Amino acid sequence: MRTSKISGVLAALACAVCCALPPLIAAGVLTAAGAALLQQALLAGAAGLAAVALGAWWLHRRRAAQRAVPAGCGCGADGCAG
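Laid out in C-alpha coordinates, this is it:
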(Lines of atoms letter the chains of each structure in order from A and count residues from 1; the text may use other names and numbers.)
(Lines give C-alpha, C1' and ligand atoms only; values in the text may rest on other atoms or scores of the structure.)
Protein backbone atom coordinates (compact mmCIF):
# COMPACT_ATOMS: atom_id res chain seq x y z
CA MET A 1 0.00 0.00 0.00
CA ARG A 2 2.98 2.28 0.53
CA THR A 3 3.76 2.31 -3.22
CA SER A 4 0.35 3.69 -4.12
CA LYS A 5 0.60 6.39 -1.47
CA ILE A 6 4.07 7.47 -2.62
CA SER A 7 2.98 7.51 -6.26
CA GLY A 8 -0.14 9.48 -5.38
CA VAL A 9 1.86 12.06 -3.44
CA LEU A 10 4.35 12.44 -6.29
CA ALA A 11 1.50 12.87 -8.78
CA ALA A 12 -0.03 15.59 -6.59
CA LEU A 13 3.36 17.27 -6.28
CA ALA A 14 3.75 17.27 -10.08
CA CYS A 15 0.32 18.90 -10.39
CA ALA A 16 1.25 21.55 -7.81
CA VAL A 17 4.48 22.37 -9.63
CA CYS A 18 2.51 22.65 -12.86
CA CYS A 19 0.22 25.20 -11.22
CA ALA A 20 3.27 27.17 -10.04
CA LEU A 21 4.54 27.71 -13.60
CA PRO A 22 2.65 30.96 -14.38
CA PRO A 23 4.11 32.83 -11.36
CA LEU A 24 7.57 31.55 -12.29
CA ILE A 25 7.15 32.88 -15.82
CA ALA A 26 5.95 36.24 -14.48
CA ALA A 27 8.94 36.42 -12.14
CA GLY A 28 11.29 35.77 -15.04
CA VAL A 29 12.61 32.51 -13.64
CA LEU A 30 11.36 30.52 -16.66
CA THR A 31 10.87 31.43 -20.29
CA ALA A 32 7.57 30.65 -21.94
CA ALA A 33 9.15 27.95 -24.11
CA GLY A 34 10.85 26.32 -21.13
CA ALA A 35 7.63 26.42 -19.15
CA ALA A 36 5.70 24.83 -22.03
CA LEU A 37 8.16 21.94 -22.18
CA LEU A 38 8.19 21.57 -18.41
CA GLN A 39 4.40 21.64 -18.28
CA GLN A 40 4.08 18.82 -20.81
CA ALA A 41 6.63 16.71 -18.94
CA LEU A 42 4.91 17.35 -15.61
CA LEU A 43 1.49 16.47 -16.97
CA ALA A 44 2.79 13.24 -18.50
CA GLY A 45 4.62 12.38 -15.27
CA ALA A 46 1.56 13.09 -13.14
CA ALA A 47 -0.63 10.92 -15.37
CA GLY A 48 1.89 8.08 -15.25
CA LEU A 49 2.27 8.30 -11.49
CA ALA A 50 -1.51 8.37 -11.02
CA ALA A 51 -1.78 5.21 -13.14
CA VAL A 52 0.94 3.52 -11.07
CA ALA A 53 -0.82 4.54 -7.84
CA LEU A 54 -4.15 3.13 -9.03
CA GLY A 55 -2.52 -0.07 -10.25
CA ALA A 56 -0.68 -0.58 -6.96
CA TRP A 57 -3.88 0.06 -5.00
CA TRP A 58 -5.82 -2.41 -7.14
CA LEU A 59 -3.11 -5.06 -6.80
CA HIS A 60 -3.01 -4.58 -3.03
CA ARG A 61 -6.79 -4.97 -2.76
CA ARG A 62 -6.71 -8.06 -4.96
CA ARG A 63 -3.99 -9.73 -2.90
CA ALA A 64 -5.75 -8.84 0.35
CA ALA A 65 -8.99 -10.37 -0.94
CA GLN A 66 -7.19 -13.58 -1.96
CA ARG A 67 -5.63 -13.91 1.50
CA ALA A 68 -9.03 -13.41 3.15
CA VAL A 69 -10.50 -16.54 1.54
CA PRO A 70 -10.10 -19.61 3.81
CA ALA A 71 -7.95 -22.42 2.37
CA GLY A 72 -10.76 -25.03 2.36
CA CYS A 73 -13.29 -22.97 0.43
CA GLY A 74 -13.86 -22.79 -3.32
CA CYS A 75 -13.18 -25.17 -6.15
CA GLY A 76 -10.16 -27.40 -6.01
CA ALA A 77 -8.66 -30.18 -8.10
CA ASP A 78 -11.30 -32.69 -6.92
CA GLY A 79 -14.39 -30.54 -7.51
CA CYS A 80 -16.16 -27.85 -5.57
CA ALA A 81 -15.81 -27.92 -1.82
CA GLY A 82 -18.58 -26.42 0.12
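According to mature numbering (1 follows the signal peptide of the UniProt record, and there is no 0), the residues represented by the sequence shown are -26 to -1, 1 to 56, in order.
Even for Gly, the Cβ is constructed at its ideal location relative to N, Cα and C.
Predicted, not measured: the structure shown is a model, and the values here were computed from it.
According to the DSSP assignment, Thr(-24) belongs to the alpha helix (DSSP H) that extends over Arg(-25) to Cys(-8). Going by C-alpha positions, Cys(-9) is about 20 Å away from Lys(-22). Per the Cβ contact rule, the stretch 25 to 38 is in contact with the stretch -22 to -11 (3 or more Cβ pairs under 8 Å). Taking the Cα of Ala(-11) as reference, the smallest distance to any Cα among Arg37, Ala39, Leu12 and Ala38 is reached at Leu12.
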